[in-house]
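In our numbering, the protein residues as written are 321 to 766.
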């Protein structure tokens, strides 16, 4: 009798566990597109053309030259280009009635005044030096690690939308330092793609000798895999490597690239050290622009978590697009609007009807080299299926008409331009086709 009861209980427990598992899996698959559209870039690369060079080598070398000029541009600046008003304006978000801190409570006025006093902006700019990052760090809009949220009412605000987060700033990135806080803990920096505050511990000052050695290296590599440790030649761990990072190289062996990395002396001046990158994790720049190679980077990015402002070194929509094309020496701005307007040939499609937009994209878009944009979001056009555009993008979620306001996807996925249209609570007025404003061809057709 005892054994029968035990068996019965086990059967019930297993049944309940099975139901729970099934519900969990159902919840994970948030939209039909993720079931019906294969999440595998190899399926969309044309086999017969996958190794064909998309642009001439001469033009690609020109792109690499321009990319390097942009990358090194902070060292060519002599003074701050960001106005005092622009820097001060970032403090205004603290005055908003819905602004709260990490404890979901209104940020106190005393804390705000202390932060303003430490920022010492009445003397901006007070500290002009050229420098370089010696660690992966974050560009903060205010000189604090503390988050700034707009209430916590639904899936469209609160965590993870830290309004103090501007962008990730990779190690070994040239910077112009323009200001330092009263306590000497934070510096305001201008980078090749954005500005913000970083902890002083994450930077080093660069002298003429260091910059000359860094600039005169003729060969560079780009990281093509995510999240691996970068170590010095003697095995000391430095930081994680991420797709999109770039380094000067001194030599290549069978196992690794030897790269130049910046380290900080006890007086915070940069000196050159050597580190190693495993051969499978990087490519010489410019990485040959072929469909196969673009697909390779995309495969390393798909399903990666969404990261607002690259929080936790994850990526948002524009960060993914920017990092995706960095190995190919296609320089892109950091935010989605600038990528669309200045990333290549911009075509305004805002006045077209929905059906016209879809037809125009399929007829004129270059798969894997065309951006699609509407305010707040950027996507990569990768081809079509049954006369419907396919896009690759990193997305937080879809607008819904319920109290949560978002159906969270939260990762990099391949979808149609109408993801989630089958959901009863999806807000159709916000479907992507309706909202599309522009299409950008990243390179000329050859």
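No residue lacks a Cβ here, since even glycine has one placed at the ideal position from N, Cα and C.
Note that this is a predicted model, so its numbers are computed, not measured.
Which residues DSSP lists as bridging residue i, in chain order
i	result
residue 701	690, 711
residue 596	551, 578
residue 510	496, 515
residue 758	668, 693
residue 768	With the chain covering 321 to 766 only, the question about residue 768 has no answer from this structure.
residue 557	551
residue 524	452
residue 628	Residue 628 is not bridged to any residue.
residue 719	726
residue 569	579
residue 746	720
residue 602	543
Three-state secondary structure (DSSP) of residue i
i	result
residue 503	coil
residue 469	strand
residue 639	helix
residue 607	coil
residue 783	There is no way to answer for residue 783, as the model of the chain reaches only from 321 to 766.
residue 617	helix
residue 726	strand
residue 588	coil
residue 540	strand
residue 481	coil
residue 489	strand
residue 366	coil
residue 781	Any answer about residue 781 is impossible in this case: the structure gives the chain only from 321 up to 766.
residue 381	helix
residue 633	helix
residue 532	helix
residue 373	coil
residue 738	coil
residue 562	coil
Burial state of residue i (16 or more Cβ within 10 Å)
i	result
residue 366	exposed
residue 685	buried
residue 521	exposed
residue 749	exposed
residue 389	exposed
residue 756	buried
residue 651	buried
residue 364	buried
residue 606	buried
residue 632	exposed
residue 676	exposed
residue 517	buried
residue 555	exposed
residue 673	exposed
residue 506	buried
residue 482	buried
residue 381	exposed
residue 442	exposed
residue 361	buried
Three CB pairs or more closer than 8 Å across the region 650-661 and the region 688-697: yes
Inter-stretch contact (C-beta, 8 Å, three-pair minimum) for the region 722-738 and the region 615-625: yes
The region 589-596 in contact with the region 522-539 per 3-pair CB rule at 8 Å: yes
Length-filtered (4 minimum) alpha helix (DSSP H) runs lying within the region 383-467: 404-409, 429-439
Given 8 Å, three or more beta-carbon pairs between the region 599-608 and the region 567-586: yes
Complete runs of the beta strand (DSSP E) confined to the region 647-696 [at least 3 residues]: 665-668, 690-694
Stretch-stretch touch, CB-based, cutoff 8 Å, three pairs: the region 369-380 with the region 600-614: yes
Inter-stretch contact at 8 Å, needing at least 3 Cβ pairs: the region 393-401 / the region 494-508: yes
At least 3 beta-carbon pairs within less than 8 Å: the region 636-645 vs the region 666-680: no
Meets three-Cβ-pair contact criterion under 8 Å: the region 533-543 and the region 561-569: yes
Sufficient close CB pairs (3 or more, under 8 Å) joining the region 507-523 to the region 411-421: no
The region 502-517 contacting the region 479-492, beta-carbon criterion three pairs below 8 Å: yes
Segment contact, 8 Å Cβ cut-off, at least three pairs: the region 465-477 with the region 700-713: no
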